[in-house]
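Scroll down for the structure; my scribbles are underneath it.
Chains as they are written, first to last, in the working numbering: chain A, 1 to 539; chain B, 1 to 539.
This is the structure in structure tokens:
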């Protein structure tokens, strides 16, 4: 037992250090997303690369190829699974579905288009090219279709923000489409896992699929509706425990239980975690839970990406390299066509449609989770798992240059919606603070102020630069925190409102300051000073 | 694999929820330490109690008795081991040994006395009462001796704080003695693990023990000295990675590596983690690392205590119940005599000596870690592991009433040290803030200000109420944060200094306020407003 634990600790150490370093390298030096660095770190240190080198005092390699379905130790995989649940729980917490649906409109159509087309394309390529896969309902084909659907919008959001295009028609549409994308991708996963569990590895007929799909979607819907209905009562119950620590812990525990339950009823674990997050996303403790778990997030999530990278077996990837390239290209085409066509039909010109398609290209955690579930349940092999990672890398690296170039040029939106004004230049102000800690604090207070005013807050990028989309009715505000600076951007007509909200913060801080300043002058300290002045016994 | 993971997630869920709820119950309702609640939660849900009940959809119990050295799944134990490393790494980070040694004096003598006497008492009772243990150097006897040495001063610190006795001679002495206690307990553990690994389960002769003890202590000393020497350079290197996330992650990764290495060279893992913390404790990033890992801490540490509780097998405890009671009584007597006698010899009267002895009674994480290592390496059985938990509970529950009663009455210190004034009533002021978040922020800023002034900051209670001991030369300040309130307490002659330090904070906040207030008036916004006003393209 001690021997296993020693190895686990050394493995975790190498995973944490390498993913932190490569994440840093990718994000700060190569200007690529941090998660790609973490993924690549896993490939480098994994059992199929450096991890296979024998280390004398360990009497073997640090990451021996584990003799099981997965090539890594179950103890280490336990950390990765745990990480995926944290990821999806927080992702659900950030969604606030009912509020979102009020803003969706155009975005939903485009999101659905992208999901449907890329699923069909992925499934089709698998049927056409993979030996042994002869039916559209073959579980392997379904998994490949599913993993090409989910967009990870972090990369896009950062580029939009840098180009000051977050509130352009394209920007708003992409961000809305991506939210729906997550939801749809997860429902799709539920259906696909249900099918693959029901059928083993033999394809089902369409009738059987219909029933399973209806069941999986029904389960998802019922859980979500019940969750949203129960959430306010649950929140009141949780508030009995003073201390956000306890509340956040129990809320996360509930997510773990629902994760476990959804696995036992034949769905994937992350679905339970996501539904729990979604249910709690509307409550007033959602933001607190998120902040409370952010320490866990930044510890576990790199482990997740790194461990996923570790499972890439390069030698088994070689025979399917051709397929992988075609599949990656199809995944790109799927999003371009699936999102581009509905964009063209809803008022964007070709330039705008291209921007939206390019913005929806990057893949992320959901793709990895789908691939990991496929691998661990034996539906896809090491070769197709490698293809999934390859697709993620190709799609995510292709997107930024396409996107940056596409935004040079005129407007991408031709039709005006009623009453809409032309895209106005935005007001932007940067606030710099003396320390990161102070900046974090002010940012949290600002977001809380917006939330109290019933704004819909969407954290669009969960990497180190914190990027938020804040919406209410016609108002759209972008808030970015980079180290010590907070940048707020909005249309000129809403500038006054934003200032007023920030003024509230100033007033609150002023109260605070007054209470501290009074301490300078002993006479003014009054009651404060008299309390607890004398202990019970005289000396 | 999926089946194992589902069980792991459900287990974690039950562990997290039950330990949060019982921790809350113990701390807020029963006024007992939170960790006792977490430990009891583990006993209730563990494989020897409720956890054994079969659950239909799991096709068996949630916590089946695992067929191995430990009764729980290795994946779950992995989380607990990880937690113990976080605990000891942070505990090392809080120690700041070189600065501490300047203040130790009296405390060290009393700390050493408590460790030596309770070790000898524990070892002796084992030899006298346990069948099959015939020698003082029998590994089981050594483990029992070791686990009765470590004091956990959190409970005592809270009582001292509530009684306004943190800076009484007894209070200062207890807190200093407890720091040394941790260090000595860990060195002792290193020696004992070394002996038990070298000898299997057969006792060694004294010569062999001497050599192993010298080696283990030497290893510890060399690592600590090298660590402290390397730390400044390492810190400079780490600072290359902007972002405390990355820095804290890598620092923790290094702790994991040293933990793994110290296990492979024949010491216990936690020693490497503790030494890493100790080495970094003097650097200017220590406080930041601690704050950054506090989310991990509050997630993992309840898991640790709960999992330890789960391993208590009540049926195997029954035959050794008599031994357990004697052992617990001896553990109490060991601290009372071991700390009380040196106290009497160094100027305290009987009352003071009793206070110090009672304050050193509570046991905590180090006891559990020692017992866990003994169990997992097979040196002690389930029965003696139960005895360890029993001792911890008895000692920790006995201490508070003794301590509270003992502080009614006159001074416990008779001899005045040169130049010392009689114990003065303390100045105390409470600051209340509008939100927990703001309070957290202000507390961190205050501590940073003290740290910048080269104060020695010691967090004496790591439970939810944050309790700090801040020292420099003759100055002693106590800072407690309870939810939205910060209480600062100090002697009247140092009040002005504390106020001045807080004034610095006020000034810093004033700057901040000014920069925010300027936003009210568009004319004053100046450069801020002009930046990023126009995007590249005109519309």
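Note that CB positions come from ideal geometry on N, CA and C, so glycine has one too.
The model shown is predicted, which means the values in this text are computed figures rather than measured ones.
Task: Collapsed DSSP secondary structure at residue 20 of chain B in the structure displayed - done: Within the second chain, numbered from 1, the residue matching residue 20 of chain B stands at position 20. Of the three classes helix, strand and coil, the one that applies to residue 20 of chain B here is helix, per DSSP.
Task: Proximity test, Cβ basis, 9 Å: residue 403 of chain B and chain A - done: As a position in the second chain, residue 403 of chain B is number 403, starting the count at 1. No, because no Cβ of chain A sits closer than 9 Å to the Cβ of residue 403 of chain B.
- [ ] Would you verify that the beta carbon of residue 82 of chain A is, or is not, closer than 9 Å to some beta carbon of chain B?
- [x] Start at 1 with the first residue of the first chain, and residue 82 of chain A comes out as number 82. Any Cβ of chain B closer than 9 Å to the Cβ of residue 82 of chain A would place that residue at the interface, and such an atom is present.
- [ ] Can you pull the chain B residues whose beta carbon is under 7 Å from the beta carbon of residue 24 of chain A, in chain order?
- [x] Within the first chain, numbered from 1, the residue matching residue 24 of chain A stands at position 24. Here the neighbours are 241, 246.
Task: Identified DSSP bridge partners for residue 54 of chain B - done: The count along the second chain starts at 1 and reaches residue 54 of chain B at position 54. According to DSSP, which records beta bridges pairwise, residue 54 of chain B is partnered with B:61.
Open item on the list: Just to make sure I have the definition right: I need the residues of chain A whose C-beta is within less than 8 Å of the C-beta of residue 444 of chain B. Which are they?
Closed with: As a working mapping, residue 444 of chain B is identified with position 444 in the second chain. Here the neighbours are 437.
Task: Cβ-based burial, residue 29 of chain A [other Cβ within 10 Å; buried from 16] - done: Counting from one through the first chain, the residue named residue 29 of chain A turns up at place 29. Using a 10 angstroms sphere on the CB of residue 29 of chain A, the tally of other CB atoms stays under 16, which defines it as exposed.
- [ ] Could you tell me which chain B residues have their CB closer than 8 Å to the CB of residue 319 of chain A, listed as they occur along the chain?
- [x] In the first chain, residue 319 of chain A corresponds to position 319, counting from 1. Going along chain B, no residue has its Cβ under 8 Å from residue 319 of chain A, so there is no contact; the nearest lies around 25 Å.
Task: When A:253, A:498, A:491 are compared against residue 300 of chain B, the one with the closest alpha-carbon - done: Looking up residue 300 of chain B in the second chain gives position 300. Of A:253, A:498, A:491, the residue nearest in Cα terms is A:253.
Task: Among A:20, A:215, A:52, A:377, nearest to residue 313 of chain A - alpha-carbon criterion - done: As a position in the first chain, residue 313 of chain A is number 313, starting the count at 1. Closest by alpha carbon: A:52.
Task: 7 Å CB neighbourhood of residue 304 of chain A in its chain, flanking five on each side removed - done: If you number the first chain from 1, residue 304 of chain A lands on position 304. Excluding residues up to 5 positions away in sequence, 80, 83, 84, 87 lie with their Cβ nearer than 7 Å to the Cβ of residue 304 of chain A in the same chain.
Task: First and last residue of the uninterrupted alpha helix (DSSP H) at residue 82 of chain B - done: Counting from 1 along the second chain, the entry for residue 82 of chain B is found at position 82. Per DSSP, residue 82 of chain B belongs to the alpha helix (DSSP H) from 74-93.
TODO: Apply the 10 Å Cβ neighbour rule to residue 69 of chain B and answer buried if 16 or more other Cβ atoms are within range, or exposed otherwise.
DONE: Numbered from its first residue, the second chain carries residue 69 of chain B at position 69. When all chains shown are included, residue 69 of chain B counts as exposed.
- [ ] May I have the straight-line CA-CA distance separating residue 115 of chain B from residue 3 of chain A, to the nearest angstrom?
- [x] For this step, residue 115 of chain B is matched to residue 115 along the second chain. For this step, residue 3 of chain A is matched to residue 3 along the first chain. Their backbone Cα atoms lie some 30 Å apart in a straight line.
Task: Spatial neighbours of residue 407 of chain A in its chain, beta-carbon cut-off 7 Å, leaving aside the 5 residues before and after - done: In the first chain, counting from the first residue as 1, residue 407 of chain A sits at position 407. Once the five neighbours on either side are set aside, the close Cβ partners of residue 407 of chain A are 163, 165, 355.
Task: beta strand (DSSP E) segment containing residue 480 of chain A, residue limits - done: Mapped onto the first chain, residue 480 of chain A falls at position 480. Residue 480 of chain A -> beta strand (DSSP E) spans 475-482.
Task: 7 Å CB neighbourhood of residue 372 of chain A in its chain, flanking five on each side removed - done: For the purposes of this step, residue 372 of chain A is taken as the residue at position 372 of the first chain. Cβ-Cβ distances below 7 Å link residue 372 of chain A to 308 in the same chain, with the five nearest sequence neighbours on each side left out; the list follows chain order.
Open item on the list: With three or more C-beta pairs closer than 8 Å as the rule, is the region 105-121 of chain A touching the region 320-337 of chain A?
Closed with: Yes: the two stretches touch, three or more of their Cβ pairs being nearer than 8 Å.
Task: Beta-carbon contacts of residue 66 of chain A that lie in its chain and below 6 Å, excluding the five residues immediately before and after - done: As a first step, residue 66 of chain A is located in the first chain; it is residue number 66 there, counting from the start. Result list for residue 66 of chain A: 72, 73, in chain order.
Open item on the list: For residue 276 of chain B, which residues in the same chain have their Cβ closer than 7 Å to its Cβ, ignoring the five residues on either side in sequence?
Closed with: Against the second chain, residue 276 of chain B aligns to sequence position 276. Its chain contains 89, 92, 227, 254, 255, 258 as the residues whose beta carbon lies nearer than 7 Å to that of residue 276 of chain B, once the 5 sequence neighbours on both sides are disregarded; these appear in chain order.
Task: Limits of the unbroken beta strand (DSSP E) element including residue 468 of chain A - done: Sequence index remark: in the first chain, residue 468 of chain A carries index 468 (1-based). Residue 468 of chain A -> beta strand (DSSP E) spans 466-472.
Task: Three-way DSSP call (helix, strand, coil) for residue 285 of chain A in this model - done: Here the question's residue 285 of chain A lines up with position 285 in the first chain. Residue state, collapsed to three classes: coil.
Open item on the list: Within a Cβ cutoff of 6 Å, which residues of the same chain sit near residue 94 of chain B, ignoring the five residues on either side of it in sequence?
Closed with: In the second chain, the residue the question calls residue 94 of chain B occupies position 94. Residues 459 of the same chain have their beta carbon placed closer than 6 Å to that of residue 94 of chain B, with the five preceding and five following residues left out of the count.
TODO: Taking residue 432 of chain B as part of the beta strand (DSSP E), name the residues at either end of that continuous run.
DONE: Mapped onto the second chain, residue 432 of chain B falls at position 432. Boundaries of the beta strand (DSSP E) harbouring residue 432 of chain B: 427-432, taken from the DSSP string.
Open item on the list: Just to confirm the assignment, what range does the alpha helix (DSSP H) spanning residue 490 of chain B have?
Closed with: Residue 490 of chain B sits at position 490 when you count from the first residue of the second chain. Segment 485-490 is the beta strand (DSSP E) holding residue 490 of chain B; no alpha helix (DSSP H) there.
- [ ] State the Cα-Cα distance for the pair residue 389 of chain B and residue 148 of chain B, rounded to the nearest angstrom.
- [x] Taking the second chain and counting its residues from 1, the one referred to as residue 389 of chain B is at position 389. Taking the second chain and counting its residues from 1, the one referred to as residue 148 of chain B is at position 148. About 11 Å.
TODO: Please determine, among A:190, A:324, A:349, the residue with the shortest C-alpha to C-alpha distance to residue 271 of chain A.
DONE: Start at 1 with the first residue of the first chain, and residue 271 of chain A comes out as number 271. Checked all of A:190, A:324, A:349; the closest Cα to residue 271 of chain A is A:190.
Task: Any C-beta of chain A under 9 Å from that of residue 47 of chain B - done: Stepping through the second chain from its first residue, residue 47 of chain B is reached at position 47. Chain A, which has no Cβ nearer than 9 Å to the Cβ of residue 47 of chain B, makes this no.
Open item on the list: For residue 487 of chain B and residue 480 of chain B, which I take to be in contact (beta-carbon distance under 8 Å), what is that distance rounded to the nearest angstrom?
Closed with: Counting from one through the second chain, the residue named residue 487 of chain B turns up at place 487. Counting from one through the second chain, the residue named residue 480 of chain B turns up at place 480. So it is a contact: roughly 5 Å between Cβ atoms.
TODO: Reducing DSSP to helix, strand and coil, say where residue 456 of chain A ends up.
DONE: Position 456 of the first chain, counting from 1, holds the residue named residue 456 of chain A. Three-state DSSP puts residue 456 of chain A in a strand.
Open item on the list: For residue 215 of chain B, would you say it is in contact with chain A, using Cβ-to-Cβ distances shorter than 9 Å as the test?
Closed with: Position 215 of the second chain holds residue 215 of chain B. It does not: the Cβ of residue 215 of chain B has no partner Cβ on chain A nearer than 9 Å.
- [ ] State yes or no: is the C-beta of residue 310 of chain A within less than 9 Å of the C-beta of residue 139 of chain A?
- [x] As a first step, residue 310 of chain A must be located in the first chain, where it is residue number 310. As a first step, residue 139 of chain A must be located in the first chain, where it is residue number 139. No; because the gap between Cβ atoms is not below 9 Å, this pair is not in contact.
- [ ] State the CB to CB distance for the pair residue 16 of chain A and residue 302 of chain A, rounded to an integer number of angstroms; the pair is presumed to be in contact (CB under 8 Å).
- [x] Here residue 16 of chain A is taken as the residue at index 16 of the first chain, counted from 1. Here residue 302 of chain A is taken as the residue at index 302 of the first chain, counted from 1. With a Cβ gap of about 7 Å, residue 16 of chain A and residue 302 of chain A count as contacting.
Task: Given 8 Å, three or more beta-carbon pairs between the region 445-459 of chain A and the region 394-407 of chain A - done: Taking a cut-off of 8 Å for Cβ pairs, the region 445-459 of chain A and the region 394-407 of chain A do not touch, as fewer than three such pairs fall below it.
Open item on the list: Closest to residue 23 of chain B by C-alpha separation, out of B:306, B:409, B:477, B:362, would be which residue?
Closed with: Translated into the one-based positions of the second chain, residue 23 of chain B becomes position 23. When each option's Cα is compared against that of residue 23 of chain B, the closest is B:306.
- [ ] Closer than 9 Å, Cβ to Cβ, to anything on chain A: give me those residues from the region 57-70 of chain B, in chain order.
- [x] Here the close residues are 57, 58, 68, 69, 70.
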